[in-house]
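Inspection log for the structure reproduced underneath, given as C-alpha coordinates.
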Amino acid sequence: MLNVAIKAARAAGAIINRASLDLEALRINTKSPNDFVTEVDHACEGVIIETLLGAYPDHGILAEESGRTHGAKHSEYVWIIDPLDGTTNFIHGLPVYCVSIALTFRGKVEQAVVYDPTRNDLFYATKGRGAFLNDKRLRVSKRTRMSDALIGTGFPFRRGDNFKRYVKMFEEVMQQCAGLRRPGAAALDLCYVAAGYYDAFFETGLQPWDVAAGSLIVSEAGGLIGNFTGEADYLHQREVLAGSPKIYAQLVTTLAPYTRVIKEEDLAAAPAPAAEAAPTAAPVAKKRGPVRIKKNEAGDDAPL
1 MLNVAIKAAR
11 AAGAIINRAS
21 LDLEALRINT
31 KSPNDFVTEV
41 DHACEGVIIE
51 TLLGAYPDHG
61 ILAEESGRTH
71 GAKHSEYVWI
81 IDPLDGTTNF
91 IHGLPVYCVS
101 IALTFRGKVE
111 QAVVYDPTRN
121 DLFYATKGRG
131 AFLNDKRLRV
141 SKRTRMSDAL
151 IGTGFPFRRG
161 DNFKRYVKMF
171 EEVMQQCAGL
181 RRPGAAALDL
191 CYVAAGYYDA
201 FFETGLQPWD
211 VAAGSLIVSE
221 AGGLIGNFTG
231 EADYLHQREV
241 LAGSPKIYAQ
251 LVTTLAPYTR
261 VIKEEDLAAA
271 PAPAAEAAPT
281 AAPVAKKRGP
291 VRIKKNEAGD
301 DAPL
(Lines of atoms letter the chains of each structure in order from A; the text may use other names.)
(Lines give C-alpha, C1' and ligand atoms only; values in the text may rest on other atoms or scores of the structure.)
Protein backbone atom coordinates (compact mmCIF):
# COMPACT_ATOMS: atom_id res chain seq x y z
CA MET A 1 0.00 0.00 0.00
CA LEU A 2 2.84 2.38 0.82
CA ASN A 3 4.51 1.66 -2.51
CA VAL A 4 1.29 2.36 -4.40
CA ALA A 5 0.93 5.67 -2.53
CA ILE A 6 4.55 6.59 -3.40
CA LYS A 7 3.92 5.76 -7.05
CA ALA A 8 0.81 7.98 -7.05
CA ALA A 9 2.63 10.85 -5.32
CA ARG A 10 5.53 10.76 -7.76
CA ALA A 11 3.15 10.73 -10.73
CA ALA A 12 1.42 13.82 -9.37
CA GLY A 13 4.78 15.44 -8.66
CA ALA A 14 5.80 14.99 -12.30
CA ILE A 15 2.65 16.84 -13.40
CA ILE A 16 3.39 19.66 -10.94
CA ASN A 17 7.00 20.01 -12.08
CA ARG A 18 5.99 20.18 -15.76
CA ALA A 19 3.36 22.80 -15.03
CA SER A 20 5.79 24.88 -12.96
CA LEU A 21 7.85 25.52 -16.10
CA ASP A 22 5.05 27.64 -17.59
CA LEU A 23 2.94 29.12 -14.81
CA GLU A 24 1.54 31.84 -17.06
CA ALA A 25 -0.36 29.19 -19.03
CA LEU A 26 -2.22 27.98 -15.93
CA ARG A 27 -5.97 28.33 -15.61
CA ILE A 28 -6.77 29.41 -12.06
CA ASN A 29 -10.16 29.42 -10.40
CA THR A 30 -11.18 30.75 -6.99
CA LYS A 31 -13.08 28.43 -4.63
CA SER A 32 -13.49 31.22 -2.09
CA PRO A 33 -11.56 34.41 -1.26
CA ASN A 34 -7.82 33.58 -1.07
CA ASP A 35 -8.54 29.91 -1.80
CA PHE A 36 -7.38 28.91 -5.28
CA VAL A 37 -7.59 25.79 -7.41
CA THR A 38 -5.81 25.17 -10.70
CA GLU A 39 -6.06 22.65 -13.50
CA VAL A 40 -2.91 21.14 -11.98
CA ASP A 41 -4.79 20.36 -8.74
CA HIS A 42 -7.42 18.50 -10.76
CA ALA A 43 -4.91 16.69 -12.97
CA CYS A 44 -2.87 15.57 -9.96
CA GLU A 45 -5.94 14.40 -8.08
CA GLY A 46 -7.05 12.46 -11.15
CA VAL A 47 -3.78 10.58 -11.55
CA ILE A 48 -3.58 9.83 -7.82
CA ILE A 49 -7.10 8.44 -7.68
CA GLU A 50 -6.54 6.42 -10.86
CA THR A 51 -3.36 4.90 -9.40
CA LEU A 52 -4.89 4.10 -6.00
CA LEU A 53 -8.15 2.66 -7.27
CA GLY A 54 -6.29 0.73 -9.97
CA ALA A 55 -4.57 -1.17 -7.18
CA TYR A 56 -7.39 -1.12 -4.59
CA PRO A 57 -10.77 -0.69 -6.32
CA ASP A 58 -12.67 -1.50 -3.12
CA HIS A 59 -11.11 1.36 -1.12
CA GLY A 60 -12.77 4.70 -0.39
CA ILE A 61 -11.45 8.12 -1.41
CA LEU A 62 -11.63 11.49 0.36
CA ALA A 63 -9.98 14.14 -1.82
CA GLU A 64 -9.78 17.91 -1.53
CA GLU A 65 -11.28 18.73 -4.93
CA SER A 66 -13.69 15.83 -5.53
CA GLY A 67 -14.64 14.88 -1.96
CA ARG A 68 -16.06 11.36 -1.76
CA THR A 69 -17.33 11.05 -5.33
CA HIS A 70 -14.76 8.36 -6.19
CA GLY A 71 -14.13 4.94 -4.69
CA ALA A 72 -16.24 2.71 -2.46
CA LYS A 73 -18.49 4.74 -0.19
CA HIS A 74 -18.50 2.43 2.84
CA SER A 75 -15.03 0.89 2.81
CA GLU A 76 -13.08 0.67 6.07
CA TYR A 77 -10.04 1.76 4.03
CA VAL A 78 -10.13 5.42 2.96
CA TRP A 79 -7.39 7.30 1.11
CA ILE A 80 -7.21 10.98 2.12
CA ILE A 81 -5.64 13.08 -0.63
CA ASP A 82 -4.40 16.63 -1.06
CA PRO A 83 -3.10 16.69 -4.65
CA LEU A 84 -1.32 20.04 -4.27
CA ASP A 85 -0.93 21.48 -0.79
CA GLY A 86 0.36 25.04 -1.15
CA THR A 87 -1.52 26.01 -4.32
CA THR A 88 -1.10 29.74 -3.63
CA ASN A 89 2.68 29.29 -3.39
CA PHE A 90 2.64 27.23 -6.59
CA ILE A 91 0.79 29.78 -8.72
CA HIS A 92 3.21 32.49 -7.58
CA GLY A 93 6.27 30.37 -8.35
CA LEU A 94 7.29 30.02 -4.69
CA PRO A 95 8.71 26.47 -4.45
CA VAL A 96 7.02 25.40 -1.21
CA TYR A 97 4.26 22.91 -1.98
CA CYS A 98 3.71 19.16 -1.94
CA VAL A 99 1.51 16.15 -2.60
CA SER A 100 -0.09 14.53 0.46
CA ILE A 101 -1.57 11.02 0.52
CA ALA A 102 -2.71 9.06 3.59
CA LEU A 103 -4.50 5.75 4.05
CA THR A 104 -6.84 5.35 7.00
CA PHE A 105 -8.26 2.09 8.30
CA ARG A 106 -11.33 2.51 10.51
CA GLY A 107 -10.47 6.17 10.96
CA LYS A 108 -6.82 5.67 11.95
CA VAL A 109 -3.96 6.67 9.63
CA GLU A 110 -1.93 3.58 8.64
CA GLN A 111 0.19 4.81 5.70
CA ALA A 112 1.43 8.28 4.81
CA VAL A 113 3.33 9.90 1.95
CA VAL A 114 4.20 13.58 1.52
CA TYR A 115 6.20 14.36 -1.62
CA ASP A 116 7.96 17.67 -2.27
CA PRO A 117 8.53 17.68 -6.06
CA THR A 118 10.75 20.77 -6.10
CA ARG A 119 13.40 19.06 -3.93
CA ASN A 120 12.53 15.47 -4.79
CA ASP A 121 12.03 14.91 -1.05
CA LEU A 122 9.86 11.95 -0.15
CA PHE A 123 8.56 11.81 3.43
CA TYR A 124 6.78 8.57 4.32
CA ALA A 125 5.68 6.43 7.23
CA THR A 126 3.91 3.18 8.02
CA LYS A 127 2.21 2.85 11.40
CA GLY A 128 4.59 1.15 13.83
CA ARG A 129 7.55 1.18 11.45
CA GLY A 130 8.98 4.68 11.77
CA ALA A 131 9.11 7.75 9.55
CA PHE A 132 11.63 8.47 6.81
CA LEU A 133 12.87 11.21 4.48
CA ASN A 134 14.07 9.41 1.37
CA ASP A 135 16.13 6.65 3.09
CA LYS A 136 16.93 8.52 6.29
CA ARG A 137 15.09 7.78 9.54
CA LEU A 138 13.40 10.86 11.00
CA ARG A 139 13.43 11.99 14.62
CA VAL A 140 11.87 15.08 16.16
CA SER A 141 14.19 17.64 17.75
CA LYS A 142 15.60 17.25 21.24
CA ARG A 143 15.15 20.88 22.29
CA THR A 144 13.32 21.30 25.57
CA ARG A 145 13.10 25.06 26.10
CA MET A 146 10.54 27.24 24.34
CA SER A 147 13.07 30.08 24.21
CA ASP A 148 15.19 27.90 21.87
CA ALA A 149 12.31 26.60 19.77
CA LEU A 150 11.54 27.37 16.14
CA ILE A 151 7.77 27.12 15.61
CA GLY A 152 5.86 26.75 12.36
CA THR A 153 2.34 28.12 11.87
CA GLY A 154 -0.24 29.03 9.26
CA PHE A 155 -2.05 32.34 9.01
CA PRO A 156 -5.86 32.31 8.80
CA PHE A 157 -7.13 33.25 5.35
CA ARG A 158 -10.48 31.52 4.74
CA ARG A 159 -14.01 32.59 5.57
CA GLY A 160 -14.77 31.45 9.11
CA ASP A 161 -11.22 31.88 10.37
CA ASN A 162 -11.07 34.05 13.48
CA PHE A 163 -8.22 36.42 12.69
CA LYS A 164 -8.34 38.50 15.88
CA ARG A 165 -8.09 35.42 18.07
CA TYR A 166 -5.22 34.14 15.92
CA VAL A 167 -3.29 37.41 16.40
CA LYS A 168 -3.52 36.91 20.17
CA MET A 169 -2.19 33.36 19.81
CA PHE A 170 0.57 34.59 17.51
CA GLU A 171 1.57 37.28 20.00
CA GLU A 172 1.75 34.85 22.93
CA VAL A 173 3.74 32.18 21.08
CA MET A 174 6.06 34.69 19.39
CA GLN A 175 7.16 36.13 22.74
CA GLN A 176 8.00 32.67 24.10
CA CYS A 177 9.98 31.11 21.23
CA ALA A 178 13.10 31.75 19.13
CA GLY A 179 11.11 32.34 15.94
CA LEU A 180 7.90 31.73 14.01
CA ARG A 181 7.73 30.62 10.37
CA ARG A 182 4.85 30.44 7.87
CA PRO A 183 5.90 28.79 4.58
CA GLY A 184 2.33 27.99 3.48
CA ALA A 185 1.97 24.21 3.07
CA ALA A 186 0.71 22.49 6.23
CA ALA A 187 1.60 18.94 5.11
CA LEU A 188 5.23 20.00 4.65
CA ASP A 189 5.16 21.90 7.95
CA LEU A 190 4.24 18.69 9.76
CA CYS A 191 7.05 16.84 7.99
CA TYR A 192 9.44 19.57 9.10
CA VAL A 193 8.43 18.87 12.70
CA ALA A 194 9.14 15.16 12.13
CA ALA A 195 12.55 16.01 10.64
CA GLY A 196 13.45 18.29 13.56
CA TYR A 197 13.59 21.45 11.39
CA TYR A 198 10.76 22.86 13.51
CA ASP A 199 10.26 22.09 17.17
CA ALA A 200 6.49 22.45 16.81
CA PHE A 201 3.70 23.56 14.46
CA PHE A 202 0.19 24.87 15.03
CA GLU A 203 -2.63 26.05 12.77
CA THR A 204 -6.39 26.51 12.70
CA GLY A 205 -8.83 26.02 9.82
CA LEU A 206 -7.21 22.87 8.44
CA GLN A 207 -9.09 20.04 6.75
CA PRO A 208 -8.39 16.29 7.10
CA TRP A 209 -6.45 16.18 3.81
CA ASP A 210 -4.10 18.90 5.10
CA VAL A 211 -2.99 16.93 8.17
CA ALA A 212 -3.72 13.20 7.70
CA ALA A 213 -0.41 12.14 6.15
CA GLY A 214 1.74 14.55 8.14
CA SER A 215 0.20 13.46 11.42
CA LEU A 216 1.45 9.87 11.07
CA ILE A 217 4.89 11.04 9.95
CA VAL A 218 5.14 13.21 13.08
CA SER A 219 4.04 10.48 15.47
CA GLU A 220 6.29 7.86 13.86
CA ALA A 221 9.23 10.27 14.29
CA GLY A 222 8.59 10.41 18.03
CA GLY A 223 6.52 13.58 18.10
CA LEU A 224 3.08 14.31 19.51
CA ILE A 225 0.08 15.62 17.59
CA GLY A 226 -3.35 16.67 18.80
CA ASN A 227 -5.69 19.61 19.11
CA PHE A 228 -4.97 22.72 21.16
CA THR A 229 -5.97 21.01 24.42
CA GLY A 230 -3.61 18.11 23.76
CA GLU A 231 -6.32 15.58 22.91
CA ALA A 232 -5.87 13.16 20.03
CA ASP A 233 -9.10 14.36 18.37
CA TYR A 234 -7.65 16.68 15.72
CA LEU A 235 -8.41 15.27 12.25
CA HIS A 236 -11.88 16.83 12.03
CA GLN A 237 -11.52 19.65 14.58
CA ARG A 238 -9.99 22.27 12.27
CA GLU A 239 -7.08 22.85 14.64
CA VAL A 240 -3.81 21.02 15.04
CA LEU A 241 -0.73 21.19 17.25
CA ALA A 242 2.33 19.01 16.65
CA GLY A 243 5.77 19.00 18.18
CA SER A 244 8.52 17.29 20.09
CA PRO A 245 7.10 16.08 23.43
CA LYS A 246 8.64 18.79 25.64
CA ILE A 247 7.75 21.73 23.38
CA TYR A 248 4.31 20.27 22.60
CA ALA A 249 3.46 20.17 26.32
CA GLN A 250 4.44 23.81 26.78
CA LEU A 251 2.43 24.91 23.74
CA VAL A 252 -0.68 23.09 24.98
CA THR A 253 -0.57 25.34 28.04
CA THR A 254 -0.38 28.42 25.82
CA LEU A 255 -2.92 27.40 23.16
CA ALA A 256 -5.56 25.59 25.23
CA PRO A 257 -7.52 28.80 25.93
CA TYR A 258 -7.90 29.29 22.17
CA THR A 259 -9.32 25.85 21.34
CA ARG A 260 -12.28 25.69 18.96
CA VAL A 261 -11.68 29.21 17.66
CA ILE A 262 -13.66 28.33 14.55
CA LYS A 263 -17.32 28.11 15.53
CA GLU A 264 -20.46 27.10 13.70
CA GLU A 265 -21.69 30.67 13.39
CA ASP A 266 -18.33 31.80 11.98
CA LEU A 267 -18.48 29.19 9.23
CA ALA A 268 -22.03 30.18 8.40
CA ALA A 269 -21.21 33.88 8.25
CA ALA A 270 -20.87 34.37 4.52
CA PRO A 271 -20.84 37.88 3.04
CA ALA A 272 -24.56 38.51 3.22
CA PRO A 273 -27.16 41.23 3.78
CA ALA A 274 -26.96 42.98 7.13
CA ALA A 275 -30.05 41.22 8.43
CA GLU A 276 -28.35 37.83 8.03
CA ALA A 277 -25.07 39.01 9.51
CA ALA A 278 -26.65 40.46 12.65
CA PRO A 279 -26.87 37.24 14.72
CA THR A 280 -23.08 36.76 14.63
CA ALA A 281 -22.21 40.35 15.47
CA ALA A 282 -23.16 40.27 19.15
CA PRO A 283 -21.04 37.27 20.24
CA VAL A 284 -17.95 38.70 18.54
CA ALA A 285 -18.33 41.99 20.39
CA LYS A 286 -18.36 40.22 23.79
CA LYS A 287 -14.99 38.51 23.30
CA ARG A 288 -12.34 40.63 25.06
CA GLY A 289 -9.55 38.11 25.40
CA PRO A 290 -8.56 34.46 25.44
CA VAL A 291 -11.44 32.39 26.73
CA ARG A 292 -12.07 28.68 26.66
CA ILE A 293 -14.97 27.81 24.42
CA LYS A 294 -17.11 25.06 25.88
CA LYS A 295 -17.36 21.91 23.82
CA ASN A 296 -21.09 22.21 23.41
CA GLU A 297 -20.55 25.62 21.82
CA ALA A 298 -17.98 24.35 19.35
CA GLY A 299 -18.88 23.67 15.76
CA ASP A 300 -17.85 20.55 13.93
CA ASP A 301 -15.65 20.82 10.95
CA ALA A 302 -16.99 22.26 7.75
CA PRO A 303 -18.87 19.89 5.41
CA LEU A 304 -16.44 17.90 3.33
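Heads up: the sequence shown at position 79 corresponds to 79 in UniProt numbering, and the numbers run straight through without jumps. No residue lacks a Cβ here, since even glycine has one placed at the ideal position from N, Cα and C.
Contacts around residue i, its chain only, beta-carbon distance under 6 angstroms, and the 5 residues preceding and following it disregarded
{"i": "Tyr124", "result": "Val113 and Phe132"}
{"i": "Leu122", "result": "Tyr115 and Asn134"}
{"i": "Leu2", "result": "Gln111 and Thr126"}
{"i": "Gly86", "result": "Val96, Tyr97, Gly184 and Ala185"}
{"i": "Gln176", "result": "Met146"}
{"i": "Ser100", "result": "Asp82, Asp85, Val114, Ala187 and Ala213"}
7 angstroms Cβ shell around residue i - same chain, five flanking residues per side excluded
{"i": "Lys246", "result": "Thr144"}
{"i": "Ala178", "result": "Ser147, Asp148, Ala149 and Leu150"}
{"i": "Gln250", "result": "Met146"}
{"i": "Val167", "result": "none"}
{"i": "Glu203", "result": "Thr153, Gly154, Ala186 and Val240"}
Three-way DSSP call (helix, strand, coil) for residue i in this model
{"i": "Leu94", "result": "coil"}
{"i": "Ala256", "result": "helix"}
{"i": "Glu171", "result": "helix"}
{"i": "residue 342", "result": "The shown model of the chain, from 1 to 304, leaves out residue 342, and the question about it has no answer."}
{"i": "Ser141", "result": "coil"}
{"i": "Arg181", "result": "strand"}
{"i": "Leu84", "result": "strand"}
{"i": "Tyr166", "result": "helix"}
N- and C-terminal bounds of the alpha helix (DSSP H) containing residue i
{"i": "Lys108", "result": "Not the alpha helix (DSSP H): Lys108 falls in the beta strand (DSSP E), residues Lys108 to Asp116."}
{"i": "residue 305", "result": "Nothing can be reported for residue 305: it is not among the residues displayed for the chain, which extend from 1 to 304."}
{"i": "Pro208", "result": "Pro208 to Glu220"}
{"i": "Leu52", "result": "Glu39 to Ala55"}
{"i": "Ala11", "result": "Leu2 to Ser20"}
Which listed residue (the options) has its alpha carbon closest to that of residue i
{"i": "Thr118", "options": "Gln176, Leu188 and Glu110", "result": "Leu188"}
{"i": "Ser75", "options": "Arg106, Glu239 and Gly226", "result": "Arg106"}
{"i": "Ser141", "options": "Tyr166, Ile101 and Ala194", "result": "Ala194"}
{"i": "Ile15", "options": "Leu84, Tyr192 and Thr69", "result": "Leu84"}
{"i": "Thr259", "options": "Tyr248, Val240 and Ser244", "result": "Val240"}
{"i": "Leu190", "options": "Glu220, Thr253 and Val47", "result": "Glu220"}
{"i": "Phe228", "options": "Arg10, Phe201, Ala19 and Tyr56", "result": "Phe201"}
{"i": "Gly54", "options": "Thr104, Gly130 and Lys7", "result": "Lys7"}
{"i": "Ser66", "options": "Asp58, Ile80 and Pro57", "result": "Ile80"}
{"i": "Gly223", "options": "Val78, His59, Gly196 and Trp209", "result": "Gly196"}
{"i": "Gly71", "options": "Arg139, Glu50 and Arg238", "result": "Glu50"}
{"i": "Pro257", "options": "Glu172, Ser244 and Ile225", "result": "Glu172"}
{"i": "Arg139", "options": "Phe170, Leu62 and Ile217", "result": "Ile217"}
DSSP beta-bridge partners of residue i
{"i": "Leu241", "result": "Phe202 and Gly226"}
{"i": "Tyr77", "result": "Phe105"}
{"i": "Ile247", "result": "For Ile247, which the question treats as bridged, DSSP gives no partner whatsoever."}
{"i": "Ser100", "result": "Asp82 and Val114"}
{"i": "Lys136", "result": "Leu133"}
Residue i, enclosing beta strand (DSSP E) - first and last residue
{"i": "Thr126", "result": "Asp121 to Thr126"}
{"i": "Gly60", "result": "Gly60 to Ala63"}
{"i": "Ala131", "result": "Ala131 to Leu133"}
{"i": "Leu150", "result": "Leu150 to Thr153"}
Same chain only: Cβ atoms within 8 angstroms of residue i, ignoring 5 sequence neighbours per side
{"i": "Ile91", "result": "Leu23, Leu26, Ile28, Phe36 and Thr38"}
{"i": "Arg182", "result": "Gly152, Thr153, Gly154 and Phe155"}
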